[in-house]
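Each remark here refers to the structure printed beneath this line.
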Amino acid sequence: MPRSARANAAFTGAVAVFAALGDETRLRLVSRLCDGGPMSITRLAVGFPITRQAITKHLRVMERAGLVRSAPHGRESVWHVERKRLADARRHLQMISAQWDETLGRLKRFVER
Amino acid sequence: MSTAIADRIEKKILLRAPRARVWRALANAGEFGRWFGVKFDGPFTPGALQRGVIVPTTVDADVAKAQQPYAGMPFEITIDRMEPERLFAFRWHPFAVERDVDYSSEPTTLVVFSLEEVADGTLLTVTESGFDRIPLARRAQAFPANEQGWTMMVALIEKHLAHAA
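Protein sequences appear in the order of chains A and B.
Residue 113, in this note's numbering, is where the first sequence stops; the numbers in between run on with no holes.
Residue 278, in this note's numbering, is where the second sequence stops; the numbers in between run on with no holes.
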């Protein structure tokens, strides 16, 4: 069941997304950005028991995975969630799922004939 | 967990064939290769890295045609466990199909085939997991409460995607 080269590229991206989300602090940060819309680190940091520096570090990890982006706004940066990236990761799993359906269909024909 | 970004895929399929037949189609490298579309160098051995090359499947002409451009490309799986007529598991690099790319340092996913005898034949359950590379133990530690963590994330992402749509 070779999967296509294009799917391969998609997978590399999706793995980064899954890994970036596999941390409680980062999940909470994404959650807050989803709920509250774009915001600065100052606002984002309210209520987090860790330093702004630590939060920036987490944001950078997610930025590398393409999950969040920042844009300069006055003297601060405003962070937002990259919606397409989340959707891509989900679509990716759906694609693998569909490929398994197809592959198992072949196994079925093979053992039932 | 079936919505949004789950980190595993689970499939169930009823095969109208005896469990011993299904087991052979999985555990015998030659038989596996015929429906899957790969030719392995040797028999499956637990713990071993099994090398092979893509050879278009003989089971489906359309799929064989789609596989043709990849014919001859290396294909590898590492056998994780073999429990006769019960369980067959391997690790692989999903989507490792680019020529000239070394995937050995990249994370693998675990594919598990479980067989269960039922009245009409064999119920086969396939799971592929590890898409997030986070060991289950660590995740359990990170998310002690049921209502938090992944469940929360899934709900959030669902909501978020609904917004985006």
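Cβ atoms here follow ideal geometry from the backbone N, Cα and C, with glycine treated the same way.
Item	Value
Report the partner residues of lysine 125 of chain B according to the DSSP bridge assignment.	B:Thr238
Starting from the C-beta of glutamate 230 of chain B, find all residues in its chain whose C-beta is less than 6 Å away, skip the five residues before and the five after it, and write them out in chain order.	Arg132
I need the straight-line Cα distance from threonine 103 of chain A to proline 220 of chain B, nearest angstrom please.	22 Å
With C-beta atoms as the reference, is phenylalanine 157 of chain B less than 8 Å away from isoleucine 192 of chain B?	yes
Determine whether the beta carbon atoms of valine 78 of chain A and alanine 20 of chain A lie at a separation below 8 Å.	no
Alpha carbon to alpha carbon, how far is histidine 73 of chain A from glutamate 241 of chain B? Give it in angstroms, no decimals.	43 Å
How big is the Cα-Cα spacing for aspartate 173 of chain B and glutamate 82 of chain A?	40 Å
Is alanine 71 of chain A buried or exposed, if buried means 16 or more other CB atoms sit within 10 Å of its CB?	exposed
Give the DSSP-derived three-state secondary structure of histidine 206 of chain B in the structure shown.	coil
Please list, in chain order, the chain A residues whose beta carbon lies closer than 9 Å to that of arginine 204 of chain B.	Neighbours of arginine 204 of chain B on chain A: none; closest Cβ ~15 Å, over 9 Å.
What's the call for glutamate 189 of chain B, buried or exposed, on a 16-neighbour Cβ count within 10 Å?	buried
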